[in-house]
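Step one of this worksheet: look at the structure below.
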Amino acid sequence: MNALIHRLRTPAPTDPESGSVTVFVAISVLGLLLLIGLVADGGAKLRATQRADSIAAEAARAGGQALDLPGAIAGSGVRVDRSIAVAAATTYLRQSGRDGTVTVSDDRTRLVVTVTATAPTAFLSLIGITNLTVTGHAEASLIEGITGGGT
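If you use my numbering, the sequence shown corresponds to residues -18 to 132, in order.
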């Protein structure tokens, strides 16, 4: 009985590397979660960029179809009314619920649409990044008259 009590009272020999695997696993799991988060949130950013590009392209297309109807009907040629084109593209952006800018290029041959959007993060919010901001761009050519084609 004394031997049993003596064995229970004496401390077990301590291993200097005891618990080292636990620290390694904790650090490895944290790094793995961060990597998964980057992949998941990177995919969300890519999808948001594609949506912003798509909305910018549709707004540019809406603006590019804004013809100067009185001039076209009078037979003076098919022209795009630049002020109506900017208004049409801006209206499309507003109706889609996106923020953006619509401008006519300096040489007045292109309608340039830029859309800004945000994508919420799932994993990166754990380190304080709650939203990713993306930008989409598109252009529409503002032509004068009919160019090419025909039968």
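Positions of the beta carbon are idealized from the N, C-alpha and C atoms, including for glycine.
Scanning its chain for C-beta atoms nearer than 8 Å, with the 5 sequence neighbours on each side dropped, one finds around residue 123 the residues 45, 61, 63, 66, 85, 89, 90, 91 and 92, in chain order. For the 9 Å CB-CB criterion, residue 99 and residue 83 do not form a contact. Inter-residue distance for residue 75 and residue 68 is about 10 Å (C-alpha atoms, whole angstroms).
When only Cα atoms are considered, residue 94 and residue 5 end up about 50 Å apart. When secondary structure is reduced to three states using DSSP, residue 121 falls in the strand class. The beta carbon of residue 39 sits closer than 7 Å to the beta carbons of 73 from its chain, once the five residues preceding and following it are set aside; these are given in chain order. Residue 75: member of the alpha helix (DSSP H) spanning 63 to 77, first to last residue. Classified as buried, residue 96 has 16 or more neighbouring CB atoms from the shown chains inside 10 Å of its CB. Our two residues, residue 28 and residue 37, have alpha carbons roughly 14 Å apart in a direct line. In summary, residue 102 is buried, with 16 or more beta-carbon neighbours lying within 10 Å of its beta-carbon over all protein chains present. The three-state reading of DSSP puts residue 28 in helix, counting H, G and I together.
Excluding residues up to 5 positions away in sequence, 36 lie with their Cβ nearer than 7 Å to the Cβ of residue 77 in the same chain.
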